[in-house]
Amino acid sequence: MISKRLVGSLAAIGGVIGAAWWRQRSSARVVNDVAVAGTRGARSAELAKIGSKAGAHYAAMSARSAFASDEKRTELRQRFELETAEQVAEVLGNMKGAVMKLGQMASYLDQGLPEPVREALANLQSDAPPMSRALAAQVVTDELGAPPSEIFATWNPDPIAAASIGQVHRATTHEGVDVAVKIQYPGVDEAIRTDLDSSDLLFSVMGFVFPGMDPKPIVAELRERLTEELDYRNEAANQTRFADAYEGHPTIHVPRVIEKYSTGRVLTSEFVVGAPLSEVITWSQEERNLAAETLYRFAFGGIYRLGMFNGDPHPGNYLFDPGGHITFLDFGLCKIFTPDEVAIFERLIRFMVYDNDMMAFARYSQEIGVLKDASKFSPEAIFAYFSH
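For the sequence shown, the numbering used here begins at 900 and goes up steadily by one.
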């Protein structure tokens, strides 16, 4: 039997698709024949409609499965999941913006999604439908003052990756440097701001991505971070800070920004090649261990040494090489922590990991607002919940 949790997941994805579909049908701003803006009320109506549709499809499948053999039930379930996955791939991939980014998040969080749906969402990490060649060239012309064929010595008009905010083209500068040129989709800023204004939509999706958590503070953080991500100058500054910090590191590499070819909507960096995560998981256990160590060092080294966290850690932003070498991409969504905030993290880890003092951990968790009333929970319960 398919669980109610699964049905809820599919209905939530259906809601995202509904919002995307309305934006696709009702906007005046177009990216490669895909609309990127719409009205909040209309998307909410489509959200309810598509959620009901997912539930109706599930009910029909359940009815057909009631007296079917085990083999037939499996076939009906897989067909139901595949149809949902195809909708995700067709519509969610075209929508761009904030809600598409949440779809990316769902693809790498272990929330019990059907595998066809997870695979469809995983395609959003780097293989979303791109904008047209002419439109991409126009953005470069508007931002850098001349067509890409003049700005660069060589220019590939077809993108090598496309995601929620922009797409990436390969080029060579007149100085002979191979570069990756990220171009922001026209109108995506309006789409994201409209999505962020639609609290009901975001709360619905966040409830799906992070079940059991209060979505309000997460949505508040998303509003602040995604607005920053729209300005590629902010991303360039973040990337440069990480590149400076890890210059010469034996396994961590951050490409250098080429400032001459970068603006608020175009970001040019050194071009890097590497294996995707889907290939790395087929490597030997020793190689996987080395890659995992580098991921760990980068994530926590950024927090504790730089006071920064790269907040968009999906696999499409990593390029792997043997020996634990990883190139890290995309620094538009970064969180900067103050020394006092980092000290909070350090105290929590010290109480839990070094001292194994659950009472001190519980008292401090209550002091900083993680627990409202620590006295309601035993030390054993607190350890079981937070020890991961």
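C-beta atoms are modelled at their ideal positions from N, C-alpha and C, and glycine is treated no differently.
From a predicted model like this one, the values you see are computed outputs, not experimental measurements.
request  = Let me know the secondary structure DSSP gives residue 1217 once reduced to three states.
outcome  = If DSSP states are grouped into helix, strand and coil, residue 1217 belongs with the strands.
key: Cβ shell of residue 1251 (< 6 Å), same chain only, five flanking positions each side left out   = In the same chain as residue 1251, and ignoring 5 residues on each side of it, the C-beta atoms closer than 6 Å to its own belong to 1260, in chain order.
task = Drop a sphere of 10 angstroms on the beta-carbon of residue 1154, count the other beta-carbons inside from all chains shown, and report buried for 16 or more, exposed for fewer.
result = Residue 1154 should be labelled buried.
Residue(s) in a DSSP beta bridge with residue 1235 = Per DSSP, 1207.
query = Counting Cβ pairs, one atom from each stretch, are 3 or more of them under 8 Å apart for the segment 1178 to 1189 and the segment 1198 to 1211?
reply = Not touching, per the Cβ criterion.
query = Starting from residue 1262 and walking both ways along the alpha helix (DSSP H), at which residues does that stretch end?
reply = DSSP places residue 1262 inside the alpha helix (DSSP H), whose first and last residues are 1257 to 1266.
request  = Kindly indicate which three-state DSSP category residue 1280 falls into: helix, strand or coil?
outcome  = Collapsing the DSSP output to three states places residue 1280 in a helix.
request  = Give the single residue among 1146, 1056, 1249 and 1227 whose Cα lies nearest to the Cα of residue 1175.
outcome  = Considering only 1146, 1056, 1249 and 1227, the residue with the shortest C-alpha distance to residue 1175 is 1227.
request  = Using beta-carbon positions only, say whether residue 1234 and residue 1208 come within less than 7 Å of one another.
outcome  = Yes, the pair counts as a contact, with Cβ atoms nearer than the cut-off.
inquiry  = DSSP has residue 1345 in a bridge; who is on the other side?
reply    = As shown, the chain starts at 900 and ends at 1287. That puts residue 1345 outside it, with no answer to give.
Environment of residue 1114 [buried if 16+ CB atoms lie within 10 Å] = Counting every other CB atom within 10 Å of its CB across the protein chains shown gives residue 1114 a total of 16 or more, marking it as buried.
ask   = Using DSSP with H/G/I as helix, E/B as strand and the rest coil, what is residue 1181?
value = When secondary structure is reduced to three states using DSSP, residue 1181 falls in the coil class, being assigned neither helix nor strand.
Rounded Cβ spacing between residue 1118 and residue 1082 (contact assumed at less than 8 Å) = Not confirmed; about 28 Å, so no contact.
key: CB of residue 1173 within 7 Å of CB of residue 1220, strictly   = Going by C-beta atoms, residue 1173 is nearer than 7 Å to residue 1220.
request  = Could I get the ranges of all uninterrupted alpha helix (DSSP H) runs contained in the segment 1141 to 1189, with 4 residues as the minimum, in chain order?
outcome  = For the alpha helix (DSSP H) assignment, the uninterrupted runs of no fewer than 4 residues enclosed by the segment 1141 to 1189 are, from N- to C-terminal side, 1176 to 1179.
query = Nearest CA to the CA of residue 1257: which residue from 1268, 1273 and 1159?
reply = Of the listed residues, the one whose Cα sits closest to residue 1257 is 1273.
query = Would residue 1057 be called buried (16 or more neighbouring beta carbons within 10 Å of its own) or exposed?
reply = So residue 1057 counts as exposed.
inquiry  = In this structure, how does DSSP classify residue 941 when only helix, strand and coil are distinguished?
reply    = Summary for residue 941: the model assigns pLDDT 46, below 50, so the residue's position carries little reliability; its value from the coordinates is reported in the next sentence. Residue 941 falls in the helix class under three-state DSSP.
message = To the nearest angstrom, how far is the alpha carbon of residue 1091 from that of residue 1041?
response = A straight-line Cα-Cα distance of about 21 Å links residue 1091 and residue 1041.
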